[in-house]
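Notes to accompany the following structure.
In the numbering used here, the protein residues as written are 31 to 131.
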């Protein structure tokens, strides 16, 4: 698992992250991108222990998509990953009180 970006909500302590993993047992090298929410502050250790994001308690997968590794730099997939990163930031900062202007 590689963490591309993560943000922690200062109110709830939940972490919103964009991660990527190679997909096992595919004919061609494939990557799986995920937007996740982790409740535990030790979520990285927990994922590495179970060796599975989807089987780790306290992890919610909000969205995911697969792409062939050779296509990962295609503008369509780069844009999709950027959208995941923006959503992770938005989710982590949604509860922060805004000061009046």
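Every residue, glycine too, gets a C-beta built ideally from N, C-alpha and C. If you're wondering where the values come from, they're calculated on a predicted model, not measured in any experiment.
| query | result |
| --- | --- |
| Pull up the distance between the alpha-carbon of residue 72 and that of residue 43, whole angstroms please. | 11 Å |
| Since residue 49 contacts residue 34 with CB under 8 Å, what's their CB separation in whole angstroms? | 7 Å |
| Among all the DSSP beta bridges, which residues are the ones paired with residue 68? | 45 and 89 |
| Hey, would you say the C-beta of residue 61 is under 8 Å away from at least one heavy atom of the ligand NAP? | Ligands in the displayed structure: none, and consequently the ligand NAP is not present. |
| Output yes or no for whether 9 Å exceeds the beta carbon distance between residue 67 and residue 89. | yes |
| Which of helix, strand or coil does DSSP assign to residue 81? | coil |
| Measure the C-alpha to C-alpha separation of residue 100 and residue 58 and round it to an integer number of angstroms. | 9 Å |
| Restricting to Cα atoms, I'd like to know which of 76, 117, 98 and 114 is closest to residue 55. | 98 |
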